[in-house]
Amino acid sequence: MNAFVNHFTFEFRVGIRNKTLMLMNYLFPLGCYFMFGALMGSINPGFLLTIVPAMSIFAVLSGALLGMPDTLVSAREAGIFRSYKINGVPALSILVIPVLTSMLHALLVTVIIALTAPVVFHGLAPVNWAGFLLVFLVAAFASAGIGVLIGVISTSSRMTVLFSQLVFLPSMILGGLMLPFSLLPPALAKVALLLPTTYAMDAFGGLAMGQAAGTHPWLSLAILAAGGLMAFALSVFLFKWDSKNVTRGRHPALALLAWAPYLVGLMLSL
Amino acid sequence: MNETVIQVKDFRKAYGTFVAVDGISFEVERGEIFGLLGPNGAGKTSTLESLEGLRFPDGGSLRIAGVDPSRQSRQLRALVGVQLQTSALPDSFRVDEAMRFFCAYHGKPPRDDLIDRVGLNDKRAAQYHELSGGQQRRLALALAVAHKPPVVFLDEPTAGLDVASRVMLHDLMRELKAGGTTILLATHDMAEASEMATRVAILLRGKIAAIGTPMELTATGAGLTKISVHTEGDCLAKASAAFPAVRQTQQQEDYFIYYSTDIGPTISALIAYINAQGDPLVDLRVERPTLEDRFLEITTKGAAR
């Protein structure tokens, strides 16, 4: 337990010491929050109704998809995991701790957003804070699960950027952060149902923001939780200590199974 | 009674069709420093990393104090300390944090004394990327032995170290040996192997080409002993008869150099001749073939096959 706490504390500090992680965990999401708050608030006042959950999810995605995977790939390629293995650091710690620290960084940013948005931008504050925290934690877990899975299957930093952007950009555009899901054309709405952010925004609307009409928050929450568990389980299954010494022939394409819960969500909506 | 700590039996490791290690066997006893020598690609690192549990053997068996490295990972970690040939720590890891971090995973209190011992006392708060290559290797060594493992694997431990660091490392190895720690040392440095190792095995193309103490290995080779003789006069220049067991002669400044396959008869004959000529002896030096000579002999012969 002492070792786990020690590892967690160290990993959390790295998220602040490391310039890339500092940028992706704090500076980028907070910078975007102030920019979007100022711009979108005047262009599309409806955005202010969802600014708190939308920018919280943005912070989660930034840390989980743009920050975390590359540090995992770099650590594996540099031989850091080998050093960990020979010193008895379990694989589970290597995967669980970045997920937890990524969630904690995002939570801190979310607290700043939730406290400042109503004051600075006249954004809507959550009406149910417990519901907000619950949805936040599940959504952060689902996103961090995907982040860690990308870190496990990517063979290089370049692949990490590609995979991360494949999830990040559609999530930003179609996932309900900038535009409400209800405004999407039917074909794009189907695509959006393959993105965790769509379910996160639906759950936030129903359980935290007092916008229950037309939402299925508990189903969305269940799909998010299943997606997070699936992604994390696949990360454990596909984890390699050392890219040059493949001991298990498990194909990275298996990572696509992490989308099974979202596919179920899409099918349920048909 | 000697206690076998490391047991390698018919060990085989292949990467696709390339056989890196081809059925080698050896044993290392408690308190030994056992050197693994060989040219690049001979199978040293494959052997070491399989013993460390980082690779899986394709045949044979490996045991460290009865523990199978590929199946009993948890037990292995308590038994062994490892300094890898290439390893790294996160850039922002501080020296004292790294010590706390790994000691916690081993369930031991941090060994701040070891940070001093490897000369990193003034670098405790330095981050890993701020350390020089030599300092990073010294930290890796300190971390490898921090939990007081009975077996230590060192892969090229002195590569890139300056003279002072090298001396410090050798002193530490001697201390560990004196305390009963068994050390498996893979190195390209023949002087280091000769000085530190109790026994060495020379690997060539995945097989053991020679095994024994450095003295035994140098004695069994076809290497010639160099005998350098300097007399006041020039009687050796006038020596008409060849001395026994001498295969080659040459002159370097004031010295006559004889390469002998059997130094006893050669030296006896030389002394007898010099005395008979009444030419006072100024200097006589005998240089046995070194481990490096023997290594080159074995690897050159092997490569020619």
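Residue numbers (our numbering), protein chains in the order written: chain A, 1111 to 1380; chain B, 1441 to 1745. Cβ coordinates follow ideal geometry from the N, Cα and C atoms, glycine included. Keep in mind it's a predicted model, so treat the numbers as computed, not measured.
Provide the residue span of the beta strand (DSSP E) that contains residue i, from first to last.
{"i": "Ser-1184(A)", "result": "Careful: Ser-1184(A) lies outside any beta strand (DSSP E), inside the alpha helix (DSSP H) at 1178-1188."}
{"i": "Leu-1624(B)", "result": "1622-1626"}
{"i": "Tyr-1455(B)", "result": "1444-1455"}
If the criterion is Cβ atoms closer than 8 Å, does the pair residue i and residue j meet it?
{"i": "Leu-1488(B)", "j": "Phe-1735(B)", "result": "no"}
{"i": "Gly-1475(B)", "j": "Ala-1649(B)", "result": "no"}
{"i": "Gly-1559(B)", "j": "Arg-1577(B)", "result": "no"}
{"i": "His-1334(A)", "j": "Pro-1290(A)", "result": "Contrary to the premise, residue 1334(A) reads as Leu rather than His in this sequence. No, the pair does not count as a contact, with Cβ atoms beyond the cut-off."}
{"i": "Ile-1504(B)", "j": "Leu-1625(B)", "result": "no"}
{"i": "Pro-1208(A)", "j": "Ser-1264(A)", "result": "no"}
{"i": "Gly-1337(A)", "j": "Ala-1254(A)", "result": "no"}
{"i": "Val-1461(B)", "j": "Ser-1486(B)", "result": "yes"}
{"i": "Gln-1690(B)", "j": "Leu-1664(B)", "result": "no"}
{"i": "Leu-1158(A)", "j": "Leu-1234(A)", "result": "yes"}
{"i": "Asn-1567(B)", "j": "Ser-1532(B)", "result": "For clarity, residue 1567(B) is Gln in the given sequence; the question names Asn instead. Taking 8 Å as the Cβ cut-off, Gln-1567(B) and Ser-1532(B) qualify as a contacting pair."}
{"i": "Gly-1198(A)", "j": "Arg-1564(B)", "result": "no"}
{"i": "Ile-1592(B)", "j": "Leu-1609(B)", "result": "Contrary to the premise, residue 1592(B) reads as Val rather than Ile in this sequence. Contact: no."}
{"i": "Ala-1368(A)", "j": "Ile-1256(A)", "result": "yes"}
{"i": "Ile-1623(B)", "j": "Met-1613(B)", "result": "yes"}
{"i": "Val-1459(B)", "j": "Gly-1646(B)", "result": "yes"}
Along the chain, where does the alpha helix (DSSP H) that runs through residue i open and close?
{"i": "Leu-1344(A)", "result": "1327-1348"}
{"i": "Ala-1240(A)", "result": "1239-1263"}
{"i": "Ala-1677(B)", "result": "1675-1678"}
{"i": "Val-1585(B)", "result": "1573-1585"}
{"i": "Asp-1421(B)", "result": "Residue 1421(B) cannot be examined here, being either before or after the span of chain B that is shown, 1441 to 1745."}
{"i": "Leu-1601(B)", "result": "Here Leu-1601(B) belongs to no alpha helix (DSSP H), and DSSP marks it neither H nor E."}
{"i": "Tyr-1309(A)", "result": "1306-1317"}
{"i": "Phe-1129(A)", "result": "Reading the sequence as shown, one finds Lys at residue 1129(A) and not Phe. Where Lys-1129(A) is concerned, the enclosing alpha helix (DSSP H) stretches over 1129-1132."}
{"i": "Thr-1270(A)", "result": "1267-1284"}
{"i": "Phe-1168(A)", "result": "1161-1171"}
{"i": "Pro-1295(A)", "result": "Per DSSP, Pro-1295(A) belongs to no alpha helix (DSSP H) and is neither H nor E."}
Put residue i into one of helix, strand or coil per three-state DSSP.
{"i": "Thr-1689(B)", "result": "strand"}
{"i": "Lys-1588(B)", "result": "coil"}
{"i": "Leu-1376(A)", "result": "helix"}
{"i": "Glu-1469(B)", "result": "strand"}
{"i": "Glu-1727(B)", "result": "strand"}
{"i": "Arg-1503(B)", "result": "strand"}
{"i": "Asp-1558(B)", "result": "In the sequence under discussion, the amino acid at residue 1558(B) is Val, which differs from the Asp named in the question. Here Val-1558(B) sits in coil by DSSP."}
{"i": "His-1670(B)", "result": "strand"}
{"i": "Arg-1639(B)", "result": "strand"}
{"i": "Ala-1323(A)", "result": "coil"}
{"i": "Lys-1216(A)", "result": "Reading off the sequence shown, one finds Ala at residue 1216(A), where the question assumed Lys. Here Ala-1216(A) sits in helix by DSSP."}
{"i": "Ser-1700(B)", "result": "strand"}
{"i": "Ala-1649(B)", "result": "strand"}
{"i": "Gln-1523(B)", "result": "strand"}
{"i": "Phe-1735(B)", "result": "helix"}
{"i": "Ala-1460(B)", "result": "strand"}
{"i": "Leu-1234(A)", "result": "coil"}
{"i": "Gln-1567(B)", "result": "strand"}
{"i": "Gly-1125(A)", "result": "helix"}
{"i": "Gly-1481(B)", "result": "coil"}
{"i": "Gly-1156(A)", "result": "helix"}
{"i": "Phe-1191(A)", "result": "helix"}
{"i": "Asp-1611(B)", "result": "helix"}
{"i": "Gly-1198(A)", "result": "coil"}
{"i": "Leu-1721(B)", "result": "strand"}
{"i": "Asp-1352(A)", "result": "coil"}
Problem set entry | Segment contact, 8 Å Cβ cut-off, at least three pairs: the region 1571-1583 of chain B with the region 1459-1475 of chain B | No, they do not touch.
Exercise. Quick check: the region 1452-1464 of chain B against the region 1486-1502 of chain B, are there 3 or more CB pairs under 8 Å?
Worked result: The region 1452-1464 of chain B, when compared against the region 1486-1502 of chain B, does touch it at the 8 Å Cβ threshold.
Problem set entry | Within 7 Å of chain B by C-beta, residues of the region 1176-1198 of chain A in sequence order | Contact residues of the region 1176-1198 of chain A toward chain B are Ala-1185, Ala-1188, Gly-1189, Ile-1190, Arg-1192, Ser-1193, Lys-1195, Ile-1196, Asn-1197, Gly-1198 (C-beta to C-beta distance below 7 Å).
Exercise. In chain order, what residues of the region 1529-1559 of chain B put their CB closer than 7 Å to some CB of chain A?
Worked result: Of all residues in the region 1529-1559 of chain B, Leu-1529, Pro-1530, Ser-1532, Glu-1537, Arg-1540, Phe-1541, Phe-1542, Ala-1544, Tyr-1545, His-1546 have a Cβ within less than 7 Å of some Cβ in chain A.
Problem set entry | Residues within the region 1511-1527 of chain B neighbouring chain A, beta-carbon criterion of under 7 Å | Residues of the region 1511-1527 of chain B whose Cβ lies closer than 7 Å to any Cβ of chain A, in chain order: Arg-1517, Val-1522, Leu-1524, Thr-1526, Ser-1527.
Exercise. Counting Cβ pairs closer than 8 Å, one from the region 1368-1378 of chain A and one from the region 1213-1220 of chain A, do we hit at least three?
Worked result: Verdict: no, contact absent.
Exercise. What are the residues of the region 1118-1129 of chain A that lie near chain B, defined by any Cβ-Cβ distance shorter than 7 Å?
Worked result: Residues Phe-1120, Val-1124, Arg-1127, Asn-1128.
Exercise. Along the region 1445-1471 of chain B, what residues have a CB closer than 8 Å to any CB found in chain A?
Worked result: Along the region 1445-1471 of chain B, none of the residues has a CB nearer than 8 Å to a CB of chain A.
Problem set entry | chain A contacts from the region 1614-1630 of chain B (Cβ-Cβ distance under 7 Å) | Answer in chain order: no residues at all.
Problem set entry | Residues within the region 1475-1495 of chain B neighbouring chain A, beta-carbon criterion of under 9 Å | Taking 9 Å as the Cβ-Cβ cut-off against chain A, the residues of the region 1475-1495 of chain B that qualify are Glu-1489, Glu-1492, Gly-1493, Leu-1494, Arg-1495.
Problem set entry | Three CB pairs or more closer than 8 Å across the region 1138-1154 of chain A and the region 1181-1194 of chain A | Because the criterion of three Cβ pairs below 8 Å is not met, the region 1138-1154 of chain A and the region 1181-1194 of chain A do not touch.
Problem set entry | Interface residues of the region 1568-1585 of chain B facing chain A [CB-CB below 9 Å] | Listed in sequence order: Ala-1580, Leu-1583, Ala-1584.
Exercise. Which residues, in order along the region 1130-1159 of chain A, keep a beta-carbon less than 8 Å from a beta-carbon of chain B?
Worked result: Taking 8 Å as the Cβ-Cβ cut-off against chain B, none of the residues of the region 1130-1159 of chain A qualify.
Exercise. Touch check for the region 1306-1315 of chain A and the region 1164-1180 of chain A: three-plus C-beta pairs under 8 Å?
Worked result: Result yes; three or more Cβ-Cβ pairs closer than 8 Å.
Exercise. Per the contact definition of three or more C-beta pairs closer than 8 Å, is the region 1129-1136 of chain A in contact with the region 1173-1188 of chain A?
Worked result: Touching, yes, given that three or more Cβ pairs across the two stretches are closer than 8 Å.
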